[in-house]
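This report concerns only the one structure given below.
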Amino acid sequence: MISNSYCIIMAGGIGNRFWPVSNPSCPKQFSDILHLGKSFIRQTYERIHRIFDNDHIFIVTGAEYENITHEQIPELPLKNILKEPLRRNTATCITYAAVKIRNIDPGATMVVIPSDHFITNDEAYLNDLQSGIDFVGQSGGLLTIGIEPSRAETQYGYIQIKNQDKNERISAVKTFTEKPDMDLAIKFYESGEFLWNAGIFIWKVADILEEIKKHIYDLYALFEKIPAFNTPQEQEYINNIYGECPNLSIDVGIMEKSNHVYVLKGQFGWSDVGTWHAFHALCPKDENNNSTNSQKVLFRNSRNCIVNVPYRKKVIVHGAEDLIIAENKNYLMICHIKDEDHIKHFEKQLKYKK
1 MISNSYCIIM
11 AGGIGNRFWP
21 VSNPSCPKQF
31 SDILHLGKSF
41 IRQTYERIHR
51 IFDNDHIFIV
61 TGAEYENITH
71 EQIPELPLKN
81 ILKEPLRRNT
91 ATCITYAAVK
101 IRNIDPGATM
111 VVIPSDHFIT
121 NDEAYLNDLQ
131 SGIDFVGQSG
141 GLLTIGIEPS
151 RAETQYGYIQ
161 IKNQDKNERI
171 SAVKTFTEKP
181 DMDLAIKFYE
191 SGEFLWNAGI
201 FIWKVADILE
211 EIKKHIYDLY
221 ALFEKIPAFN
231 TPQEQEYINN
241 IYGECPNLSI
251 DVGIMEKSNH
261 VYVLKGQFGW
271 SDVGTWHAFH
281 ALCPKDENNN
291 STNSQKVLFR
301 NSRNCIVNVP
311 YRKKVIVHGA
321 EDLIIAENKN
331 YLMICHIKDE
341 DHIKHFEKQL
351 KYKK
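Residue 166 in UniProt numbering sits at position 166 of the sequence shown; the count goes up by one each step and never skips.
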């Protein structure tokens, strides 16, 4: 186990681009969308627990998800589930986790990872985390992990590296770009200068808090005033001040502004499984490019369709093309693939339907 380092699992999102399978009552991280037998967050915990013991793992999630988090990861002490009363993006949850870790060990290193990504080659993943921990321990700075692109992709953020030495796995970062249009994504891919942003961060607690103090001082000041850690007063204070916190990503708030940002080129397989398009890329396809999570789905005279339905449901898709068909216990969605960007708005639009 790694000493003097802590892992923060971010689990506060609702995955609305993956609706209706991911929804506010059971977001993507708590679901087994790929039918692998375990939810994303359970897979993430088991992977990271190989190098971090339970006292060194914290999960930041919505207060409403405390019970499901504990049900899926009963090994983790309840005090290590940090409860957010509101969703305020990654800058806020990372600041909360950082001051919590600093209270335990001011000299600690933090590894921050998403709860709902798909990883292949666990050994390479864990080795990369260890390499990152070693790097910031020796050099300081803020380190993120990037993935070499396999295609032009508009649904991922991009990290531009400064040096072009292919033998160097760690480079200074030149720019961050969030979800470019296709023309720009093609240029990024063809240039060889860009990596996909995997949303994984490694830094010393003192370094990230110093950067937050410099670039988002109001946020820093709020969390400096936590009265007493691991007491009811801590949660009461968090509940009272969270509404004052900015809805800001760590990329925009810190990584794009700091002069001490580095990227390590990851050697593992990765997908954020953030959209139905990403789900399609991970699933086996038939000869007509149809994909499904279930062996009980039958395609006839159909092509380029994506189907995700409850495990026991039998479905036949006949004469269809370029459709996403997804169902949970409350909703059935049928959407053209070209309209996938609209999916994140569907639940709100249905809210008042009786």
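We put the beta carbon where it would ideally sit given N, CA and C, even for glycine.
Starting from residue i, follow its DSSP beta bridges and name the residues at the other end.
{"i": "residue 402", "result": "Because the chain is modelled from 1 through 354, residue 402 falls outside the range shown and cannot be assessed."}
{"i": "Gly146", "result": "Asn197 and Lys265"}
{"i": "Arg303", "result": "Glu321"}
{"i": "residue 355", "result": "Outside the modelled stretch of the chain, which goes from 1 to 354, sits residue 355, for which no answer is possible."}
{"i": "Ile104", "result": "DSSP lists no partner for Ile104."}
{"i": "Met333", "result": "Ala326"}
{"i": "Leu298", "result": "Ile316"}
{"i": "Asn308", "result": "Ala326"}
{"i": "residue 370", "result": "Any property of residue 370 remains undetermined from this structure, which presents the chain solely from 1 to 354."}
{"i": "Ser249", "result": "Looking at the DSSP assignment, Ser249 forms no beta bridge with any residue, so it has no partner."}
{"i": "Lys285", "result": "Ser291"}
Which residue marks the beginning of the beta strand (DSSP E) containing residue i, and which one marks its end?
{"i": "Arg88", "result": "Segment: none, Arg88 is in no beta strand (DSSP E) and carries neither H nor E."}
{"i": "Lys83", "result": "Ile81 to Glu84"}
{"i": "Tyr220", "result": "Taken as a continuous stretch (DSSP letters only), Tyr220 belongs to no beta strand (DSSP E), being part of the alpha helix (DSSP H) at Tyr217 to Glu224."}
{"i": "Leu350", "result": "Per DSSP, Leu350 belongs to no beta strand (DSSP E); it is in the alpha helix (DSSP H), Phe346 to Leu350."}
{"i": "Tyr158", "result": "Tyr158 to Ile161"}
Which first and last residues belong to the alpha helix (DSSP H) in which residue i is found?
{"i": "Lys174", "result": "No alpha helix (DSSP H) contains Lys174, which is instead part of the beta strand (DSSP E) from Ile170 to Thr177."}
{"i": "Met182", "result": "Met182 to Ser191"}
{"i": "His280", "result": "Trp276 to Leu282"}
{"i": "Ile9", "result": "Per DSSP, Ile9 belongs to no alpha helix (DSSP H); it is in the beta strand (DSSP E), Ser5 to Ala11."}
{"i": "Glu66", "result": "Glu66 to Gln72"}
{"i": "Gly132", "result": "Asp122 to Ser139"}
{"i": "Pro227", "result": "It is not in any alpha helix (DSSP H) - Pro227 carries neither H nor E in the DSSP assignment."}
Within the same chain, show all residues whose beta-carbon is closer than 7 Å to that of residue i, passing over the 5 residues directly before and after it, in chain order.
{"i": "Val307", "result": "Thr292, Val297, Val315, Val317 and Ile325"}
{"i": "Phe223", "result": "Thr95, Tyr96 and Val99"}
{"i": "Tyr311", "result": "His35 and Ser294"}
{"i": "Ser249", "result": "Asn89, Thr90 and Ala91"}
{"i": "Ile334", "result": "Leu323 and Ile325"}
{"i": "Arg87", "result": "Gly12 and Gly62"}
{"i": "His340", "result": "Note that residue 340 is Glu in the sequence shown, not His. The answer, listed in chain order, is Thr275, Trp276, His277 and Ile324."}
{"i": "Leu219", "result": "Ala91, Thr92, Thr95, Ile212, Cys245 and Pro246"}
{"i": "Asn301", "result": "His318 and Gly319"}
{"i": "Glu66", "result": "Ile81 and Lys83"}
Here's a check: name, in chain order, each residue in its chain whose Cβ is nearer than 8 Å to the Cβ of residue i, leaving out the five neighbours to either side.
{"i": "Pro284", "result": "Ser291"}
{"i": "Thr109", "result": "Asn4, Ser5, Tyr6, Ile133, Val136, Gly137, Ile202, Trp203, Lys204 and Val205"}
{"i": "Val173", "result": "Thr144, Ile159, Gln160, Ile161, Lys162, Met255, Val261, Tyr262 and Val263"}
{"i": "Asp128", "result": "Ile145, Leu264, Gly266, Gln267 and Phe268"}
Let me know if residue i comes out buried or exposed under the rule of 16 or more other beta-carbons within 10 Å of its beta-carbon.
{"i": "Ser171", "result": "buried"}
{"i": "Tyr262", "result": "buried"}
{"i": "His280", "result": "buried"}
{"i": "Ala198", "result": "buried"}
{"i": "Ile159", "result": "buried"}
{"i": "Glu178", "result": "exposed"}
{"i": "Met10", "result": "buried"}
{"i": "Thr44", "result": "buried"}
{"i": "Ile14", "result": "buried"}
{"i": "Glu168", "result": "exposed"}
{"i": "Pro180", "result": "buried"}
{"i": "Gly192", "result": "exposed"}
{"i": "His336", "result": "exposed"}
{"i": "Gly274", "result": "buried"}
{"i": "Ala221", "result": "exposed"}
{"i": "Met1", "result": "exposed"}
{"i": "Arg102", "result": "buried"}
{"i": "Leu82", "result": "buried"}
{"i": "Met255", "result": "buried"}
{"i": "Leu332", "result": "exposed"}
{"i": "His345", "result": "exposed"}
{"i": "Ser39", "result": "buried"}
{"i": "Phe229", "result": "exposed"}
{"i": "Pro74", "result": "exposed"}
{"i": "Asp207", "result": "buried"}
If I measure Cβ to Cβ from residue i and keep anything under 6 Å in the same chain, skipping five residues before and after, which residues do I get?
{"i": "His56", "result": "Tyr6"}
{"i": "Phe188", "result": "Tyr158 and Phe194"}
{"i": "Asn328", "result": "Pro20 and Val21"}
{"i": "Leu209", "result": "Ala98"}
{"i": "Tyr125", "result": "Ile119 and Phe268"}
{"i": "Asp116", "result": "Lys28, Gln29 and Phe40"}
For chain C, check one thing: does any of its Cβ atoms lie closer than 8 Å to the Cβ of residue i?
{"i": "His342", "result": "Within the model displayed, chain C is absent; a lone protein chain is all it includes."}
Q: Return the chain-ordered ranges of every alpha helix (DSSP H) run that is complete within the region 10-71 and spans a minimum of 4 residues.
A: 40-48
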